[in-house]
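Chemist: Sequential numbering from 0 applies to the sequence shown in numbering that gives the first Met the number 0. All residues carry an ideal CB built from backbone N, CA and C; glycine is no exception. I'd like to ask you about the structure that follows.
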Amino acid sequence: MKIINVTQGSPEWLAHRMDARNASEAPVVLGQSSKISRNALIEAKATGIERDIPDFVREVIFANGHKVEGMAGPMAEEIIGDELFPVVAISDDGYLSASYDGLTMDEETGWECKQWNEDKAQMVREGVLPPEDAGQVWQQLAVGAKRVLYMVTDGTPKQCVHMMVEATGEEDKKLRAAWAQFDEDKAGYQPREKAPEVTGATTQDLPAVSVQVSGDLSIVDNFDRFESALKHFIDEVLVREPKTDQDFADLDNQVKALKKAEDALDSAEAQLLAQVEAVDNAKRRKDMLHKLARDNRLMAEKLVKSQKQAIKLEIARDADKAVGEHERKVEATLDGYALPRANTDFNSAMKGKRTITTLQDAADNEVARAKIAINEAADLIRANAKTIADAGYEFLFADRQQLALKDSELVKLEVESRITRHKQEEERRLEAERQRIAAEEKAKAERAAQQKADAEKAAQQSQDAPKAEPVAEQPAQVDSEQAGTYRAPEKTAPPVRPSDQDILRAIAAEFQVDVHTAAAWVLEMNQQELERVA
C-alpha cells in the first residue's frame, strides 16, 4: 500500500479519482451497482466527462453521509480498538486505488461507513456483506488492508450494525480481472446515440360519451363525433411500430386512453338503459364502438409486448455473439487447448428491465462478466499448460485438456505424482532387466565351466585308458566249398577329413553349445596332448 497525499473531497482528490481505478467504482465495474450503470462509467472514464450529480444528492445525501461518518467514527474506533484516519491509497504497483473512511496507523485495519439502510442492515445481521458494497470493500483489501470494518449506521449506537471482512487473497485477482476487462471495454468505447429522458406524450382523451333520451323517446347522443374522433385516433395517432423508448412510452399512454374510452362507452350504456328500457339501435352502435376501441387496445397491448420481446431478443443475440467472438479470440492463443463454454443468462440479467437503455446495460454487464470468466479460465489453462510442458513427460498427460481446467496447485501435485510413479516403475523395470541379464550371464558362465570340466575329464580319461595290444593277423579261413576259388579283399575308400566348421558344429551339437563356444574349447586344448593322441 502507498499513501496518496490528497484530502478526500478536494480538487486534487477529484483529479486523482478521474484517472484511478477507484474502490467506490468497483461495484459498478462488477455490475453490482444500482446507482450507475457500467456503460455510464465507461463513457465517463473514456471521455473524461464526469457524470452530473444532482444538487439534492450532493447537498443532502453526501452531506448527511459525512455527518454520519463523523458521528460513527468513535464507535468504529472503539470496536477496532485503535485510532482511525481518513486515507487515500493505491496498491504497491499503483493499479488499484481506495479511499478509506478510516485506516489504522499500521495500515492493517480499514473502516467503511454506509448510511442506514434496513435491507443492508438485515444482510449484515445475517453475516452477509451487501453485494452493492462488496466490490468496494474487496478493493480496500486488495489495495493493502488486512481487514475492513463494514458498518451500516445513522450515527447512533441504536441503529448500528457491523461486520469485519478479512482478506482472503482472492480479492486482488478477482478485481484485477474485472478492471482489466473494463479497461479493454473503455479502450474500445464507441459513443452511442443517447436516448432522451422518456415520458409518454400527453394523449388527449376522446370526447366524453353522452346519451340522452327525450320525452318522445328520441335519443340524443354524440356518437358521430365520438366515432370520428376514435377512428382518427386509431388511424392517425396510435403508434403501430414502436422502436424507441419514446414510442413505447407514448403507446402505453394511448392504451390507457383506449381503455378509458371503453369505460366511457359502458357508462353511456348504463345511462341510456337507465332512461329508456330498450334502445336497440343506440346499444348496437355503442357495442360496435366499444368493440372498436377494445380490439385496438388489445392490439396495441400485444404490440407493446411483442415488440419489446423482439428488441430484447435482438439485444440478447448481439450480446451472445460478442461473448462467442471473445471466446474464439482468446482460445486461439491457447496452443490447442479448448476453453470451457462460458455460462451466460441474458434472460435473467434483463429480467425486470423496462427500457431499451436498461436492457442494453444489463446485457452488457452480463457480457463483461462472461468475458472476465473467459479470461480467468484462459489464465488458468496457460498456467497449467506451462506446468505440464515444463515437466517434460508429455506422454504421461494424454488428459492434459482436462487437467488444464483444474486448480493449479492440484495440477502441480498431480504432475509431480505421475512423474514420480513413472520413475519408480521405470526403475523397477530396469532393475528387473538387470537381474534377468545377470541371471543369463551366470547361467551361461556355469554352462561354460561345466562343459570345460567335462571336456577336461573326457580328455583325462582318454589319456589314462590302456592302449590295445596289436593282434596277429590270422590266415583267412577258406570255405571248403570255395577252396578252389580265390577272391581278393574289397578295398575301402580312405576317410575324408571334415571341414573345420563341420568339426566345430559336431562338437557344438554333441555338447549342446554354440559354435563359438566349441571353437573356444578347441583353442584351449593342449597342443602336446593333441599331437600325442594323433
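Taking 6 Å as the limit between beta carbons, can you name the residues of its chain near Phe345, skipping five residues before and five after?
Modeler: One-based indexing of the sequence shown puts residue 345 at position 346. Within the same chain, Phe345 has close Cβ partners Ala315, Ala318, Ala362, Glu365.
Chemist: To the nearest angstrom, report how far apart Ile371 and His325 are at their CA atoms.
Modeler: Walking along the sequence shown from the start, residue 371 turns up at place 372. Walking along the sequence shown from the start, residue 325 turns up at place 326. Ile371 and His325: Cα-Cα distance of roughly 10 Å.
Chemist: Please report the residue range of the alpha helix (DSSP H) in which Phe510 lies.
Modeler: Working through the sequence shown from its first residue, we reach residue 510 at position 511. It spans 499-510 - the alpha helix (DSSP H) in which Phe510 sits, taken as one unbroken run.
Chemist: Rounded to the nearest angstrom, what separates Lys405 and Lys173 at their Cα positions?
Modeler: Within the sequence shown, the letter at position 406 stands for residue 405. Within the sequence shown, the letter at position 174 stands for residue 173. Approximately 17 Å, taken between the alpha carbons.
Chemist: Quick check: Ile89 and Ser98, are their CB atoms within less than 8 Å of each other?
Modeler: Counted from its first residue, the sequence shown places residue 89 at position 90. Counted from its first residue, the sequence shown places residue 98 at position 99. No.
Chemist: Rounded C-beta distance between Val136 and Ile3? I'm assuming under 8 Å.
Modeler: If you number the sequence shown from 1, residue 136 lands on position 137. If you number the sequence shown from 1, residue 3 lands on position 4. That pair is no contact at about 19 Å.
Chemist: By the DSSP assignment, the alpha helix (DSSP H) with Met122 in it spans what residues?
Modeler: Position 123 of the sequence shown, counting from 1, holds the residue named residue 122. Note, Met122: alpha helix (DSSP H), 117-124.
Chemist: In this structure, what does DSSP give as the bridge partners for Thr152?
Modeler: Here residue 152 corresponds to residue number 153 of the sequence shown, with the count starting at 1. DSSP, once it has assigned bridges, lists Gln114, Cys159 as partnering Thr152.
Chemist: Please report the distance separating the alpha-carbon of Val59 from that of Ala141.
Modeler: As a first step, residue 59 is located in the sequence shown; it is residue number 60 there, counting from the start. As a first step, residue 141 is located in the sequence shown; it is residue number 142 there, counting from the start. Note that Val59 has pLDDT 43, beneath the 50 cutoff, so the model's placement of it is unreliable and the number below is only indicative. Taking the straight line from one Cα to the other gives about 31 Å.
Chemist: Assign Arg57 to one of two classes, buried (16 or more other C-beta atoms within 10 Å of its C-beta) or exposed (fewer than that).
Modeler: Numbered from 1 along the sequence shown, position 58 holds the residue referred to as residue 57. Summary for Arg57: the model assigns pLDDT 46, below 50, so the residue's position carries little reliability; its value from the coordinates is reported in the next sentence. The residue is exposed, with fewer than 16 neighbouring Cβ atoms inside 10 Å.
Chemist: Take Ala120 and list the residues in its own chain whose beta-carbon comes closer than 8 Å to its own, dropping the five residues that flank it on each side.
Modeler: Mapped onto the sequence shown, residue 120 falls at position 121. Once the five neighbours on either side are set aside, the close Cβ partners of Ala120 are Val151, Gln158, Val160.
Chemist: Could you name the residues of the same chain whose beta carbon sits closer than 7 Å to that of Trp115, not counting the 5 residues immediately before and after it, in chain order?
Modeler: Within the sequence shown, the letter at position 116 stands for residue 115. Excluding residues within five positions, the ones whose Cβ falls inside 7 Å are Val151, Thr152, Asp153, Gln158.
Chemist: Using a Cβ distance threshold of 8 Å, determine whether the region 41-50 contacts the region 173-190, with at least three qualifying pairs required.
Modeler: Short answer: they touch.
Chemist: Determine the closest residue to Glu76 out of Lys307, Asp92, Leu312, Leu148, with distance taken between C-alpha atoms.
Modeler: Position 77 of the sequence shown, counted from the first residue, corresponds to residue 76. With distances taken between Cα atoms, Glu76 lies closest to Leu148.
Chemist: Exposed or buried, what is Met17 when buried is set at 16 or more other beta-carbons lying within 10 Å of its beta-carbon?
Modeler: In the sequence shown, counting from the first residue as 1, residue 17 sits at position 18. Exposed, because fewer than 16 other Cβ atoms sit within 10 Å of the Cβ of Met17.
Chemist: Is there contact here, the region 292-304 with the region 232-244, by at least three beta-carbon pairs under 8 Å?
Modeler: Yes: the two stretches touch, three or more of their Cβ pairs being nearer than 8 Å.
Chemist: Just reading off the beta strand (DSSP E) that Ser98 is part of, what are its end residues?
Modeler: On the sequence shown, position 99 is the one that residue 98 refers to. Per DSSP, Ser98 belongs to the beta strand (DSSP E) from 96-102.
Chemist: Restricting to Cα atoms, I'd like to know which of Phe84, Gly64, Val27, Ala369 is closest to Thr6.
Modeler: The count along the sequence shown starts at 1 and reaches residue 6 at position 7. Taking only the C-alpha atoms, the option nearest Thr6 is Phe84.
Chemist: What runs of the alpha helix (DSSP H), each 4 residues or longer, lie entirely inside the region 352-440?
Modeler: Entirely contained in the region 352-440, the alpha helix (DSSP H) runs reaching 4 residues are, in chain order, 355-390, 399-402.
Chemist: Rounding to the nearest angstrom, what Cα-Cα distance links Ile52 and His65 in this structure?
Modeler: Locating residue 52 in the sequence shown gives position 53, where the first residue counts as 1. Locating residue 65 in the sequence shown gives position 66, where the first residue counts as 1. Annotation note: pLDDT 49 at Ile52 (below 50); position unreliable, coordinate value reported separately. Near 16 Å, if we compare the C-alpha coordinates of His65 and Ile52.
Chemist: Going by Cα to Cα distance, which pick from Ala133, Arg399, Gln459 is closest to Asn525?
Modeler: Looking up residue 525 in the sequence shown gives position 526. Closest by alpha carbon: Gln459.
Chemist: Ignore the nearest five residues each way along the sequence and tell me which others in Asp478's own chain have a CB closer than 8 Å to its CB.
Modeler: Within the sequence shown, the letter at position 479 stands for residue 478. Annotation note: pLDDT 49 at Asp478 (below 50); position unreliable, no value reported.
Chemist: What are the boundary residues of the alpha helix (DSSP H) that Thr345 is part of?
Modeler: Position 346 of the sequence shown holds residue 345. For the record, residue 345 in the displayed sequence is Phe; it is not Thr. Start and end: 345-349.
Chemist: In angstroms with no decimal places, state the Cα-to-Cα distance between Ala144 and Gly80.
Modeler: Here residue 144 corresponds to residue number 145 of the sequence shown, with the count starting at 1. Here residue 80 corresponds to residue number 81 of the sequence shown, with the count starting at 1. Those two C-alpha atoms are separated by around 16 Å.
Chemist: Mind reading off the beta-carbon distance from Pro241 to Gln308? Whole number of angstroms is fine, and I expect it under 8 Å.
Modeler: As a position in the sequence shown, residue 241 is number 242, starting the count at 1. As a position in the sequence shown, residue 308 is number 309, starting the count at 1. Their Cβ separation, rounded to whole angstroms, is 12 Å, which puts Pro241 and Gln308 out of contact at 8 Å.
Chemist: Label Phe394 either buried or exposed according to how many other C-beta atoms from any shown protein chain fall within 10 Å of its C-beta, with 16 as the threshold for buried.
Modeler: Your numbering for residue 394 matches position 395 in the sequence shown. Looking at its Cβ environment, which holds fewer than 16 other Cβ atoms inside 10 Å, Phe394 is exposed.
Chemist: Please name the residue or residues paired with Ile3 in a DSSP beta bridge.
Modeler: In the sequence shown, counting from the first residue as 1, residue 3 sits at position 4. Val87, per the DSSP bridge assignment.
Chemist: Taking the alpha-carbon positions, what's the Ile436 to Asp513 distance?
Modeler: Along the sequence shown, one-based indexing puts residue 436 at 437. Along the sequence shown, one-based indexing puts residue 513 at 514. Taking the straight line joining both Cα atoms gives about 18 Å.
Chemist: Do you know how far the Cα of Gln139 is from the Cα of Gly126?
Modeler: Here residue 126 corresponds to residue number 127 of the sequence shown, with the count starting at 1. Here residue 139 corresponds to residue number 140 of the sequence shown, with the count starting at 1. Distance between the alpha carbons of Gly126 and Gln139: 19 Å.
Chemist: Which residues share a DSSP beta bridge with Glu165?
Modeler: What you label residue 165 is simply residue 166 of the sequence shown in a count that begins at 1. Answer is Arg146.
Chemist: Please return the same chain residues whose Cβ sits closer than 6 Å to the Cβ of Cys112, not counting the five positions on each side in sequence.
Modeler: Working through the sequence shown from its first residue, we reach residue 112 at position 113. Glu68, Ala71, Asp100, Met150.
Chemist: Could you tell me whether the region 325-342 touches the region 259-271, where touching means 3 or more Cβ pairs closer than 8 Å?
Modeler: The answer is no - the region 259-271 does not touch the region 325-342, with fewer than three Cβ pairs under 8 Å.
Chemist: Below 8 Å between beta carbons: does that hold for Val322 and Ala384?
Modeler: In the sequence shown, the residue the question calls residue 322 occupies position 323. In the sequence shown, the residue the question calls residue 384 occupies position 385. No.
Chemist: Nearest CA to the CA of Val303: which residue from Asn252, Ala438, Ser407?
Modeler: For the purposes of this step, residue 303 is taken as residue 304 along the sequence shown, with counting starting at 1. When each option's Cα is compared against that of Val303, the closest is Asn252.
Chemist: Apply the 10 Å Cβ neighbour rule to Ser33 and answer buried if 16 or more other Cβ atoms are within range, or exposed otherwise.
Modeler: Numbered from its first residue, the sequence shown carries residue 33 at position 34. Exposed is the call here.
Chemist: If you check the beta carbons only, do Tyr392 and Ile418 fall under 8 Å apart?
Modeler: Walking along the sequence shown from the start, residue 392 turns up at place 393. Walking along the sequence shown from the start, residue 418 turns up at place 419. Cβ atoms of Tyr392 and Ile418: closer than 8 Å.
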